[in-house]
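Notes to accompany the following structure.
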Amino acid sequence: MKIEDYIRTIPDFPEPGIMFRDVTTLFNDPRGFRMAIDMLLHPFAGERIDRVAGIEARGFILGGAIAHQLSVGFVPIRKKGKLPWKTIEQDYTLEYGTATVEVHEDAFVKGERVLIVDDLIATGGTAEAGIKLVRQLGGTIAGCAFIVDLPDLGGRKRLEELDAPVHALCSFGGH
Ligand code: AMP
95 MKIEDYIRTI PDFPEPGIMF RDVTTLFNDP RGFRMAIDML LHPFAGERID RVAGIEARGF
155 ILGGAIAHQL SVGFVPIRKK GKLPWKTIEQ DYTLEYGTAT VEVHEDAFVK GERVLIVDDL
215 IATGGTAEAG IKLVRQLGGT IAGCAFIVDL PDLGGRKRLE ELDAPVHALC SFGGH
């Protein structure tokens, strides 16, 4: 089975016209989940990664497993208002309106190499906000790893223009 075979597609969720790529079926399968973690890490074998940053919420599940595999620390990048300590924040644009993500201000050590993880890249707005937070705290982006890329939405290009290497395991056309 290929990675995309483990992903369930739900048309018109959460709104008409969106094909929701549901990775819970991948997480639910022992071989699928293990394969995803191994494949996400493959291009970074032998490279220095000091910390993993996962984007809420599915990025926590993947990022936690990856950080454990690498024996490095994990940092949650969360929606505004959830983190208990002092934070820095970054706004980003959604299809309708804006959203804000936050990270603890002492989450990274200056100069360390950070791997950002999420389940899916669409427009790249969420990941771009994560990149800005890491860089603001002195981290370097080792890479951004996703299970799914939606290339028609241009996220990969957007991140590569920010000098952030993008690694995705599979891609789907459309939204
Ligand atoms: P973006 O900021 O546009 O790259 O959107 C990425 C975020 O939205 C990720 O955290 C995804 O989990 C979620 N997302 C966007 N589009 C989809 C989709 N078609 N299916 C599942 N999740 C999506």
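Reading the sequence shown from the start, the letters are residues 95 to 269 in the working numbering.
For each residue, glycine too, the CB sits at the ideal point set by N, CA and C.
Determine the burial state of residue i: buried for a count of at least 16 other Cβ atoms within 10 Å of its Cβ, exposed for fewer.
| i | result |
| --- | --- |
| Val169 | buried |
| Asp246 | exposed |
| Leu188 | exposed |
| Tyr100 | buried |
| Thr220 | buried |
| Gly175 | exposed |
| Asp132 | exposed |
| Glu255 | exposed |
Could you tell me the distance, in whole angstroms, from the CA atom of residue i to the CA atom of residue j?
| i | j | result |
| --- | --- | --- |
| Gly205 | Gln184 | 20 Å |
| His136 | Lys251 | 21 Å |
| Gly275 | Val260 | This structure gives no information on residue 275, because the portion of the chain shown stretches from 95 to 269. |
| Ser165 | Leu231 | 22 Å |
| Pro108 | Val197 | 26 Å |
| Gly140 | Gly218 | 27 Å |
| Gly267 | Leu244 | 6 Å |
| Ile182 | Phe202 | 12 Å |
| Phe138 | Tyr186 | 28 Å |
| Met113 | Val242 | 12 Å |
| Lys173 | Arg125 | 30 Å |
| His269 | Val117 | 16 Å |
| Trp179 | Met95 | 43 Å |
| Pro110 | Arg102 | 17 Å |
Quick one: is the Cβ of residue i within less than 7 Å of any heavy atom of the ligand AMP?
| i | result |
| --- | --- |
| Phe114 | yes |
| Arg152 | yes |
| Thr217 | yes |
| Thr234 | no |
| Ala262 | no |
Report, in whole angstroms, the separation of the C-beta atoms of residue i and residue j, which I expect to be a contact under 8 Å.
| i | j | result |
| --- | --- | --- |
| Leu263 | Ala130 | 7 Å |
| Leu134 | Ile160 | 6 Å |
| Ile149 | Asp212 | 4 Å |
Which full runs of the beta strand (DSSP E) of 3+ residues lie inside the region 173 to 258, going along the chain?
181 to 187, 192 to 198, 207 to 215 and 234 to 243
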